[in-house]
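Asker: Chains as they are written, first to last, in this note's numbering: chain U, 25 to 330; chain D, 66 to 406.
Below you will find the structure I want to go over with you.
Spelled out as structure tokens, the structure:
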């Protein structure tokens, strides 16, 4: 079994898990606050990947005389991707979800499917983008290190560090600031929060902003790590990230991170045996979780899930 | 008052069949082969959409993997007619022959297999509700598709090719009528009322003694059976069965028909299946007339993906401004069974 649980596998699993964690956080926060499975979230991730592709070329031509490809450029591209993800998330909340807030839950879900289809097909129909996959540029030169038996590139370090930094920032925001307290209040009881003078719609909008920004960052990281982007790239990672959120306990922020890292590890391990198993294992996990422990690993008990 | 209204439905269908058949005769040739194929696709989508409406609209359980069952029906019937029996393609002029009967049997067998898969999937997943059920059925649909993608016997990712073109307009019309009559009668019998009560309030209907799990699974299995029939007909119309035909997006397309037409209204599903199929074909041919632009070195072609963009916008607009769909929950007179006074 030595080869199956080598250091390399653990690193690959953590890397995949970081990307899933950033997407899963958006799912879990939006679910926690408006009880909506935002089907379009995987497409915000795709949008982030394309935005960072565009941002790279923009900054590279604009600033090439000031900065060389490197860490600073990466920061610019990251900010661009996060801003783009945040914008598209807030816009879809404003246009599609907000009016349906007090109608049946399923109509919002169908609207989310509509938003998801719109983003995917708009990108593949838009002449400058097109349906065919394209290569992601090397934002900064790739360096390989050897740690024991494993090969580690600086991209792995970037993935892990960016994900860890964003997640730490989010935890601090939610736990320590008054904005975070307002978010927690809205997720517990919207009406009571409104009576306490909290701007509920503003908080919901802010939640979409954070979720979209994280999905955008994940898009950049995925583009760096697996350098091939296409309009339909968001569907499967989106579903798997959602399953990670359910595994950790949906609506629970540490749960989403835990679930995503478990999902990354399980998937990379399953991929060694059989790539078909690697694709399908996420759904097997989902079904087992929903049947055995529908609240997820860290979730609290609620009545309306099953 | 006639209790079942069945003769009127039969007469309407026969009239529709007669008009289309007469207009597409070689000597008349008002409807050419292309238009006829579009009408046949419409009817297949009527089968798929109204059977999904049974699960989503009438029982109120949000299923998203409907095309997975259609895939089972398509592959099973295609395997029987193409790989096992190696039936030759039928002569266009022949109305009824032994191979056509075998083909109809194969479609039914495909439906039965789809129903079996529906039973296997329905038992564990129908314990869940709302959006969780949506995700699980979506997952099962993807699993069915991935499995088909990896079975070499039925062509794997190449798809099952060379299926004889058995689905004639008459046969599709016949199956569509059967499915509609089945669903209509189901909704109006006591089982159907139990299903409607689950949609309205599951807790209350359970308290009234309705075995909710049993009726949910029953509706799911019947829906899967009809989807399997639709999938089999589709495979024998397009002469191939391919895993991508049955992915997430086709499922979403059928879902749009159900929601656009109106949840729980079979009439709505029929209207929406016709409208949206004709709309997408119309847009597709309209797009072909748009010339190719050239700006500098870049050529701008308006692709057929715009059809799907229009669909997506339409879905969002329907949800925002007419959440209940075109027909709401109303039915056409033909599909209502009136009580005997």
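Cβ coordinates follow ideal geometry from the N, Cα and C atoms, glycine included.
Taking residue 337 of chain D as the reference, which of D:118, D:93 and D:400 has the closest Cα?
Answerer: Of D:118, D:93 and D:400, the residue nearest in Cα terms is D:118.
Asker: Comparing C-alpha positions only, which one of U:282, U:264, U:300 and U:319 sits nearest to residue 63 of chain U?
Answerer: U:264
Asker: Give me the Cα-Cα distance between residue 396 of chain D and residue 73 of chain D, rounded to the nearest whole angstrom.
Answerer: 15 Å
Asker: Should the stretch 101–109 of chain D be called in touch with the stretch 235–242 of chain D, which here means at least 3 C-beta pairs below 8 Å?
Answerer: yes
Asker: Using a Cβ-Cβ cutoff of less than 7 Å, which residues in the same chain neighbour residue 190 of chain U once the five nearest sequence positions on both sides are dropped?
Answerer: 46, 238 and 241
Asker: By the 10 Å Cβ neighbour count, where 16 or more other Cβ atoms means buried, how is residue 162 of chain U classified, buried or exposed?
Answerer: exposed
Asker: Using a Cβ-Cβ cutoff of 8 Å, what residues of the stretch 183–204 of chain D are near chain U? List them in chain order.
Answerer: 189, 190, 192, 193, 194, 195, 196, 197, 199, 200, 201, 203 and 204
Asker: Could you tell me which residues DSSP pairs with residue 176 of chain U in its beta bridges?
Answerer: U:169
Asker: Who are residue 127 of chain U's beta bridge partners in DSSP?
Answerer: According to DSSP, which records beta bridges pairwise, residue 127 of chain U is partnered with nothing at all.
Asker: Along chain U, which residues have their Cβ under 8 Å away from the Cβ of residue 215 of chain D?
Answerer: 300
Asker: Is residue 275 of chain U closer than 8 Å to residue 56 of chain U when the C-beta atoms are compared?
Answerer: yes
Asker: How far does the alpha helix (DSSP H) with residue 360 of chain D in it extend, from its first residue to its last?
Answerer: Looking at the DSSP string, residue 360 of chain D is not in any alpha helix (DSSP H); the run it does join, the beta strand (DSSP E), is 358–360.
Asker: Could you tell me how far apart the beta carbons of residue 198 of chain U and residue 208 of chain U are, in whole angstroms, since I believe they sit closer than 8 Å?
Answerer: About 7 Å separates the beta carbons of residue 198 of chain U and residue 208 of chain U, which is inside the 8 Å limit, making them a contact pair.
Asker: Exposed or buried, which one is residue 266 of chain D when buried takes at least 16 other CB atoms within 10 Å?
Answerer: exposed
Asker: Check each residue of the stretch 109–128 of chain U: if its Cβ is closer than 7 Å to any Cβ of chain D, include it; give the result in chain order.
Answerer: Answer in chain order: 120, 123, 124 and 127.
Asker: Leaving aside the five residues before and after residue 312 of chain U along the sequence, list all residues of the same chain whose C-beta is less than 8 Å from its C-beta, in chain order.
Answerer: none
Asker: If you reduce the DSSP assignment to three classes, tell me which class residue 66 of chain D lands in.
Answerer: With a pLDDT of 41 at residue 66 of chain D, under the threshold of 50, the modelled position of this residue cannot be trusted, and the question is left open.
Asker: Using the three-state DSSP reduction, which class does residue 390 of chain D fall into: helix, strand or coil?
Answerer: Per DSSP, reduced to three states, the secondary structure at residue 390 of chain D is coil, with no helix or strand assignment.
Asker: Count the other CB atoms, across all protein chains shown, that sit within 10 Å of the CB of residue 291 of chain D; report buried if there are 16 or more and exposed otherwise.
Answerer: buried
Asker: Is the shortest distance between the beta-carbon of residue 385 of chain D and the beta-carbons of chain U less than 8 Å?
Answerer: yes
Asker: What's the C-alpha gap between residue 229 of chain U and residue 262 of chain U?
Answerer: 20 Å
Asker: Nearer than 7 Å: is that true of the beta carbon of residue 292 of chain D relative to any heavy atom of the ligand MG?
Answerer: Although the ligand MG was asked about, the structure shown includes no ligands whatsoever.
Asker: Is it a yes or a no for the stretch 194–205 of chain D touching the stretch 304–324 of chain U, going by three-plus beta-carbon pairs under 8 Å?
Answerer: yes
Asker: Look at the alpha carbon of residue 87 of chain D and the alpha carbon of residue 139 of chain D, and state the distance between them as a whole number of angstroms.
Answerer: Put simply, the backbone Cα of residue 87 of chain D is about 29 Å away from that of residue 139 of chain D.
Asker: Which parts of the stretch 311–382 of chain D are runs of the beta strand (DSSP E), unbroken and 3 residues or longer, counting only runs that do not cross its ends?
Answerer: 358–360 and 363–365
Asker: Going by the beta-carbon positions, is the gap between residue 183 of chain D and residue 286 of chain D smaller than 8 Å?
Answerer: yes
Asker: Applying the criterion that 16 or more other CB atoms from any shown protein chain within 10 Å of the CB defines a buried residue, is residue 476 of chain D buried or exposed?
Answerer: Limits of chain D in this structure are 66 at one end and 406 at the other, which puts residue 476 of chain D out of reach.
Asker: For the stretch 292–302 of chain D against the stretch 170–190 of chain D, are there 3 or more C-beta pairs whose distance is under 8 Å?
Answerer: A contact exists between the stretch 292–302 of chain D and the stretch 170–190 of chain D.
Asker: In chain order, what residues of the stretch 309–323 of chain U put their CB closer than 7 Å to some CB of chain D?
Answerer: Of all residues in the stretch 309–323 of chain U, only 310, 311, 314 and 315 place a beta-carbon less than 7 Å from a beta-carbon of chain D.
Asker: Do you know how far the Cα of residue 327 of chain D is from the Cα of residue 257 of chain D?
Answerer: 18 Å
Asker: Note down, one range per segment and in chain order, each alpha helix (DSSP H) of at least 4 residues found wholly within the stretch 251–321 of chain D.
Answerer: Segments of the alpha helix (DSSP H) lying fully in the stretch 251–321 of chain D: 255–265, 267–272 and 277–303.
Asker: Report buried or exposed for residue 175 of chain U, applying the criterion of at least 16 other Cβ atoms within 10 angstroms of its Cβ.
Answerer: exposed
Asker: Tell me, please, whether the CB atom of residue 163 of chain D is closer than 8 Å to any CB atom in chain U?
Answerer: Not one chain U Cβ lies under 8 Å of residue 163 of chain D.
Asker: Measure the alpha-carbon distance for residue 119 of chain U versus residue 381 of chain D and round it to whole angstroms.
Answerer: 9 Å
Asker: Buried or exposed: which applies to residue 201 of chain U, given that a residue is buried once 16 or more other Cβ atoms fall within 10 Å of its Cβ?
Answerer: exposed
Asker: Decide yes or no for the touch test of the stretch 59–78 of chain U against the stretch 278–292 of chain U: beta carbon pairs closer than 8 Å, at least 3 of them.
Answerer: no
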